[in-house]
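Asker: Let me begin by handing over the structure; questions about it come next.
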Amino acid sequence: MRPTSRSRLPRAASSVWPVAGSSRSCSRRSPATTRASQLLGRSFFARSVHEVAPDLIGVTLLVDGVGGRIVEVEAYDQEDPASHGYRGRTPRNESMFGPSGHAYVYRSYGIHWCLNLVCGPDGVPEAALVRALEPTAGIDEQRRRRGVDDLRALCSGPGKLCQALGVTRAHDGLPLYRPPFSLRERKDVPEIVTGPRIGITRATELSWRYLEADNPYISRGRPRA
């Protein structure tokens, strides 16, 4: 069942996914039993976006060594009127149709690049829009690219984080499990809050926005618990 508006997902949710370069599975662990985090492989993304999206909260996303922890994402699927893939495949949204585990990058309003992580079966347009990161790596480079010093302002929005990480159309269609991308599994399961997505005019009733509860690095409009 998909979470309802402004609901909280349990901290101890459990699932298993394969990691890059390994045939075995890696379970989520509590902070007390966490080992060194592993790179996520394509199989992590080969699930419904509604499973992948909450699992992305707490994952470390780097592009050429620059990035941070994912603290906010939005889910979009093929039956979603707000999705780029809703009306079918076009040259602009080709990457959203798969394969899973690849980047879908587009320019929003002709101004900002937005990074989406493609999920689900091949040929089905599903993706998670990365809305905010908590910066942890390459912070000086992020500040240089963004032209701001405030740590909370570096990646608090999809356009901001793409600028901070240097993501452009050149990254569209690239695999997420190979350089320049690097995604490492989260070390523990954070508390997650859901709510309506931002900046859309259709399907506004759907609570497909996922955020780490009480994290100060989210974009804006924190849902009420």
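Numbering (the numbering used here), first residue to last: -6 to 218.
Virtual Cβ for every residue (Gly too), placed ideally from N, Cα, C.
(1) Considering only residues of the same chain and omitting the five flanking positions on each side of ILE104, which have a CB-CB separation below 8 Å?
(2) Going by beta carbon distance, what residues of the same chain come within less than 8 Å of HIS43, once the five residues before and after it are set aside?
(3) Just how far apart, CA to CA, sit VAL123 and ALA157?
(4) What beta strand (DSSP E) runs, 3 residues minimum, are completely inside the segment 67 to 148?
(5) Label ARG85 either buried or exposed according to how many other C-beta atoms from any shown protein chain fall within 10 Å of its C-beta, with 16 as the threshold for buried.
(6) Would you grab the beta carbon distance between GLY60 and ALA120 for me? Rounded to a whole angstrom, and I think it's under 8 Å.
(7) Which residue from GLN31, SER30 and ARG35 puts its Cα closest to that of LEU167?
(8) Would you tell me roughly how many angstroms separate the C-alpha atoms of PRO209 and CYS148, rounded to the nearest one?
(9) Relative to the alpha-carbon of TYR102, which residue among LEU55, TYR203, ARG213 and GLY192 has its alpha-carbon at the smallest distance?
Answerer: Reading it off the structure:
(1) Apart from sequence neighbours up to five positions away, the residues of its chain that approach ILE104 with a beta-carbon distance below 8 Å are GLY152, ordered along the chain.
(2) Excluding sequence neighbours, HIS43 sits near ARG(-5), ALA68, ASP70 and TRP201.
(3) Roughly 13 Å between the two C-alpha positions.
(4) If we require 3 residues or more, the beta strand (DSSP E) runs fully inside the segment 67 to 148 come out as 96 to 101, 105 to 111 and 120 to 130.
(5) With fewer than 16 other Cβ atoms within 10 Å, it is exposed.
(6) Not a contact, Cβ separation roughly 18 Å.
(7) The residue among GLN31, SER30 and ARG35 with its C-alpha nearest the C-alpha of LEU167 is ARG35.
(8) When rounded, the distance between both Cα atoms is 11 Å.
(9) With distances taken between Cα atoms, TYR102 lies closest to GLY192.
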